[in-house]
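Chemist:
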Amino acid sequence: MNEEKKRILELVQNGKLSAQEAIILLEALEEGAVKEDSSASDTKEQKEEPSTSFQTDKQEEQTSHQEKQTDEKKEKETVDSTETIYSQLEAAGERLFDFVQNTFNKMKDLDFQFNQTVEIPHTFQQAGEQVDRLDIDVANGPVRIKTWDQPEIRIECQAKVYRTEDREEARTYFLDHSMFKFENGLLIFGTQSKLMKVEAVVYIPEKMYKKISIRVFNGGVRGTNLQAESFVIKTTNGKADLTNLQGEKLDLDTVNGQVVLVESELEKVEAETVNGTIKTEGVFKDLGLQSLNGNIDCIVTKQAPSIMETKSVTGNIHITLPYGVAIDGDAQSNVGNYKLQLNDIDIMHEKNEIIQKQVKFKRTGTGDERVHLLANTKTGSIYIRETEGQ
Numbered sequence: 021m022n023e024e025k026k027r028i029l030e031l032v033q034n035g036k037l038s039a040q041e042a043i044i045l046l047e048a049l050e051e052g053a054v055k056e057d058s059s060a061s062d063t064k065e066q067k068e069e070p071s072t073s074f075q076t077d078k079q080e081e082q083t084s085h086q087e088k089q090t091d092e093k094k095e096k097e098t099v100d101s102t103e104t105i106y107s108q109l110e111a112a113g114e115r116l117f118d119f120v121q122n123t124f125n126k127m128k129d130l131d132f133q134f135n136q137t138v139e140i141p142h143t144f145q146q147a148g149e150q151v152d153r154l155d156i157d158v159a160n161g162p163v164r165i166k167t168w169d170q171p172e173i174r175i176e177c178q179a180k181v182y183r184t185e186d187r188e189e190a191r192t193y194f195l196d197h198s199m200f201k202f203e204n205g206l207l208i209f210g211t212q213s214k215l216m217k218v219e220a221v222v223y224i225p226e227k228m229y230k231k232i233s234i235r236v237f238n239g240g241v242r243g244t245n246l247q248a249e250s251f252v253i254k255t256t257n258g259k260a261d262l263t264n265l266q267g268e269k270l271d272l273d274t275v276n277g278q279v280v281l282v283e284s285e286l287e288k289v290e291a292e293t294v295n296g297t298i299k300t301e302g303v304f305k306d307l308g309l310q311s312l313n314g315n316i317d318c319i320v321t322k323q324a325p326s327i328m329e330t331k332s333v334t335g336n337i338h339i340t341l342p343y344g345v346a347i348d349g350d351a352q353s354n355v356g357n358y359k360l361q362l363n364d365i366d367i368m369h370e371k372n373e374i375i376q377k378q379v380k381f382k383r384t385g386t387g388d389e390r391v392h393l394l395a396n397t398k399t400g401s402i403y404i405r406e407t408e409g410q
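In terms of our numbering, the sequence shown opens at residue 21 and continues consecutively.
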């Protein structure tokens, strides 16, 4: 048995057997040895009777012969087991190779089909005097929207149509899978096919709209100098970058993307992302920011909001408030810490345990404005400061 164990170890060292295979063989050897010992013990008990020296020699000869047969049988079983394992591994390897090869061939065919592309430029245009609501929905491609000094609404599209090399076929496919219509003050533009990528630049007259709604599945949204009573911005996989928005309400939602909202004045903001950072800077009365996996950086330099709630699971929270503003604050973190860089605050309650840290604080402030602040993160830290005094 020792020789067979050495042989198995040599196979492992030479890379011909894995550790798991060696364990299986060694266990098989041990089971064979146990059976052999049991069989030999039974035979010995049956043969242990008074006998002549001839009978003793005969018994020893038989025992030796049996041991030899057992060793040969065990060696054969070991070889057979090894060959069986190698056969199974070889068959599994062949199946894996076939699977990878088939997958690779399918991917090559798919890549070849997607490499067959045609780019089509197209422009949609609509008089903008009666348009007070915009609804934009793009499945694949970024959307950029901004104001200009012309009276009409213009949407410039650069479409990349896959799986074709014919220009007319690509143009027909783009038009068949695009929507552009105006009805009762609502202008709708949409492309829902994932077999084409559409980069859309939307130009709208500068005025106050009732509602601007933009949804993008795969691509970012960029908006500049927009005015609306209500904004709805939603992306699944892409960044939302908004500058100089003015209006009453913004509902912003992303799954995998960064949120940037700067130089804006809005009554109420609700911004949420699953995987991405959030950065806001401007004047807001009611501000709610939430990121599952990302930092939150909120800067309010002029007028503080009356309600400010910031929540994160794994990210840090940075908040900058106007100098001297009155505060009712609550900062909470499970694993992280908090740091308050505020003058003249009163600590109302403080908890500093290993798995729970919390501080509630107040400040009278120098004006009538008061911000009710909640900052909550599970594993990140919280930093609250104010701008420098005049």
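Backbone N, C-alpha and C fix where the C-beta goes; we use that ideal spot for every residue, glycine too. Since we're looking at a predicted model, the values are computed, not measured.
If I measure Cβ to Cβ from Ile253 and keep anything under 6 Å in the same chain, skipping five residues before and after, which residues do I get?
Modeler: Ile234, Val241, Ala260 and Leu272
Chemist: Considering only their Cβ atoms, is the gap separating Glu219 from Gly161 smaller than 8 Å?
Modeler: yes
Chemist: In whole angstroms, what is the alpha-carbon distance linking Ala190 and Leu215?
Modeler: Spanning the two alpha carbons is a distance of roughly 11 Å.
Chemist: Pick out whichever of Val275, Ile316, Gly277 and Lys269 has its Cα sitting closest to the Cα of Phe304.
Modeler: Lys269
Chemist: Taking a contact to mean a Cβ-Cβ separation below 8 Å, would you say Lys322 touches Ser353 in this structure?
Modeler: No, the Cβ-Cβ distance between Lys322 and Ser353 is not below 8 Å.
Chemist: Exposed or buried, what is Ser198 when buried is set at 16 or more other beta-carbons lying within 10 Å of its beta-carbon?
Modeler: Ser198 counts as buried, since at least 16 other C-beta atoms from the protein chains shown sit within 10 angstroms of its C-beta.
Chemist: Which residue from Ile316, Ile165, Leu362 and Phe237 puts its Cα closest to that of Thr211?
Modeler: That would be Phe237, whose Cα lies nearest to the Cα of Thr211.
Chemist: Pull up the DSSP beta-bridge partners for Val391, would you.
Modeler: Ile347
Chemist: Quick one: Cα of Arg405 to Cα of His392, how far?
Modeler: When the Cα atoms are used, Arg405 and His392 turn out to be separated by approximately 15 Å.
Chemist: Just list the residues that DSSP pairs Gly225 with in beta bridges.
Modeler: The question names Gly, yet the displayed sequence has Pro at residue 225. Bridge partners of Pro225: Trp168.
Chemist: Who are the near neighbours of Leu341 in its chain, counting only those whose CB is closer than 6 Å to its CB and skipping five residues on each side?
Modeler: If we look at Leu341 and ignore the five residues flanking it on each side, its Cβ neighbours are Val320, Ala324 and Glu406.
Chemist: Buried or exposed for Leu281, please, with buried defined as at least 16 other CB atoms from any protein chain shown within 10 angstroms of its CB.
Modeler: Buried: at least 16 other Cβ atoms inside 10 Å.
Chemist: From Gln133 to Phe209, what distance separates their C-alpha atoms?
Modeler: In this prediction, Gln133 scores a pLDDT of 47, lower than 50, which makes its location untrustworthy; the coordinate-derived value is nonetheless stated afterwards. When rounded, the distance between both Cα atoms is 27 Å.
Chemist: Could you check the C-alpha separation between Thr137 and Arg183 for me, to the nearest Å?
Modeler: 6 Å
Chemist: Pairing CB atoms from the segment 386-402 with CB atoms from the segment 332-347, are three or more of them under 8 Å?
Modeler: yes
Chemist: Just tell me which of Glu188, Thr386, Gly239 and Glu226 has its CA closest to the CA of Asp152.
Modeler: Glu226
Chemist: Since Glu172 contacts Gln146 with CB under 8 Å, what's their CB separation in whole angstroms?
Modeler: Cβ atoms of Glu172 and Gln146 come within 8 Å of each other, at about 6 Å.
Chemist: Go ahead and pull the three-state DSSP assignment for Tyr261.
Modeler: At residue 261 the sequence reads Asp, which differs from the Tyr that was named. Of the three classes helix, strand and coil, the one that applies to Asp261 here is strand, per DSSP.
Chemist: Hey, how far is the Cα of Lys126 from the Cα of Val222?
Modeler: Because the pLDDT at Lys126 is just 48, under 50, the model does not fix this residue reliably, and the point stays unresolved.
Chemist: Please report the straight-line C-alpha distance between Lys371 and Val379, rounded to a whole angstrom.
Modeler: 6 Å
Chemist: Can you name the start and end residues of the beta strand (DSSP E) that Asp196 belongs to?
Modeler: It is not in any beta strand (DSSP E) - Asp196 instead sits in the alpha helix (DSSP H) that spans Arg187 to Asp196.
Chemist: If you check the beta carbons only, do Ile165 and Leu246 fall under 8 Å apart?
Modeler: yes
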